[in-house]
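Working notes for the structure below.
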Amino acid sequence: MRFNFGLVALSALFVASSAAPTAAVTDLSAVQDVTDLSVVKDVTTKLPAVEGELNRRTDNVVYEKLQYTLVEVKKHTAVINSTVSSVHGVVSTVEKTKIIASVKSEVVIIVQLLSTVVGEITVLLTDITSITGDLKDNIISVVVELLVEILLTLNNVITALKITIFELLGPIIFALLAVIVNLLAVLNVIIVDLLKIVFGLLGGVAGILVHVLAGLGAIIGGLLGVVGGVLGLVGDIVGCIL
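Numbers -19 to -1, 1 to 223, taken from mature numbering (1 follows the signal peptide of the UniProt record, and there is no 0), label the letters of the sequence shown in order.
Here it is as structure tokens:
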């Protein structure tokens, strides 16, 4: 009879595996370690701390986004100021038209930047209760700097060209004002008295603000007055303010 080495090898493997010790399988110490609830308890006790850290991070995100927006806006106000810096004395109609077109394009980008940050902060509102302390002061500081930067830039242009803000921007000025109001309104939700503080700080440039917005009250009043009734009253109020 022929000797089958393959069969012998297979049989030896089967016997060896059957005789192997099973202590490792029946040892439940490892399983007992896994069922130790102290680990789970330790994790759950850390959840409030983690939640607080996430809230702080979200608050910081608001500040970081506003800082980024300020930096980007300054890039475009720098372009505007550079464009107007060449204006001296009487400006020809052709040159004035060219400058106005350039300024408009930069302001449109600024409006887009502000709209973007308003949307981004709005998304974060559900994760923020209230921003206080140093972070509150820092955010207000950035907002005021942002508004003053835009205000002084526009004032520089209309002064150099000897035109009104509406002659410079047309309806774009209303888009700019609207997005600024939206930004302040959103931030006022998470920062107590933000509107009051910001407008108080802007008191130092009240004269410039009046100069820039001169004439807009009558335009807004006229637009709203067409509807009549309550809107006409609102238009009159806005006209008195501006």
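Cβ coordinates follow ideal geometry from the N, Cα and C atoms, glycine included.
Measuring CA to CA, which of His192, Val186, Thr107 is closest to Val167? Indexing the sequence shown from 1 puts residue 167 at position 186. Nearest to Val167 by C-alpha distance, out of His192, Val186, Thr107, is Thr107.
How about Asp115: is its C-beta nearer than 8 Å to some C-beta of chain B? The displayed structure is made up of one protein chain only, and chain B is not part of it.
What residues in its chain sit with their C-beta under 7 Å from that of Asn62, if we drop five residues either side in the sequence? Against the sequence shown, residue 62 aligns to sequence position 81. Only Thr134, Asn137 meet the Cβ criterion.
Gly184 - DSSP class collapsed to helix/strand/coil: Translated into the one-based positions of the sequence shown, residue 184 becomes position 203. Looking at Gly184 - three-state DSSP - the assignment turns out to be helix.
Would Gly184 be called buried (16 or more neighbouring beta carbons within 10 Å of its own) or exposed? Position 203 of the sequence shown, counted from the first residue, corresponds to residue 184. Gly184 should be labelled exposed.
Whether Ala141 touches Val68 by CB criterion (8 Å): Taking the first residue of the sequence shown as position 1, residue 141 is located at position 160. Taking the first residue of the sequence shown as position 1, residue 68 is located at position 87. Cβ atoms of Ala141 and Val68: closer than 8 Å.
C-alpha distance - Gly181 paired with Val125, whole-angstrom precision: As a first step, residue 181 must be located in the sequence shown, where it is residue number 200. As a first step, residue 125 must be located in the sequence shown, where it is residue number 144. Between Gly181 and Val125, the C-alpha separation is close to 10 Å.
Same chain, Cβ closer than 7 Å to Lys85, five either side skipped, listed in chain order: As a position in the sequence shown, residue 85 is number 104, starting the count at 1. Taken in chain order, the residues that qualify are Leu150, Ile153.
From Thr64, Ile171, Val54, pick the residue whose C-alpha is nearest to that of Ile90; which is it? Taking the sequence shown and counting its residues from 1, one reaches residue 90 at position 109. The shortest C-alpha separation from Ile90 is found at Val54.
Can you list, in chain order, the residues of its chain with a C-beta nearer than 8 Å to that of Val193? Leave out the 5 residues immediately preceding and following it. Numbered from its first residue, the sequence shown carries residue 193 at position 212. Hits under 8 Å: Leu132, Leu135, Asn136, Ile139, Ile146.
Nearest to Leu51 by CA position, among Gly196, Val162, Ile109, Ser122, is which residue? Walking along the sequence shown from the start, residue 51 turns up at place 70. Out of Gly196, Val162, Ile109, Ser122, Ser122 has the C-alpha closest to the C-alpha of Leu51.
Would you call the CB atoms of Ile189 and Ile120 closer than 8 Å? Here residue 189 refers to the residue found at position 208 when the sequence shown is read from its first residue. Here residue 120 refers to the residue found at position 139 when the sequence shown is read from its first residue. Their beta carbons are not under 8 Å apart, which means Ile189 does not touch Ile120 by this criterion.
Classify Val43: buried if its beta carbon has 16 or more other beta carbons within 10 angstroms, exposed otherwise. The count along the sequence shown starts at 1 and reaches residue 43 at position 62. The residue is buried, with at least 16 neighbouring Cβ atoms inside 10 Å.
Buried or exposed by the 16-neighbour rule on C-beta atoms within 10 Å, applied to Thr78: Here residue 78 refers to the residue found at position 97 of the sequence shown. Classification of Thr78: exposed, given that the 10 Å Cβ count is below 16.
Secondary structure at Ser(-9), three-state DSSP: helix, strand or coil? Numbered from 1 along the sequence shown, position 11 holds the residue referred to as residue -9. Low per-residue confidence applies at Ser(-9): pLDDT is 47, beneath 50, and the placement is therefore not dependable enough to give any value.
Local conformation of His192 per DSSP, three classes: The residue labelled residue 192 in the question sits at position 211 within the sequence shown. It is helical.
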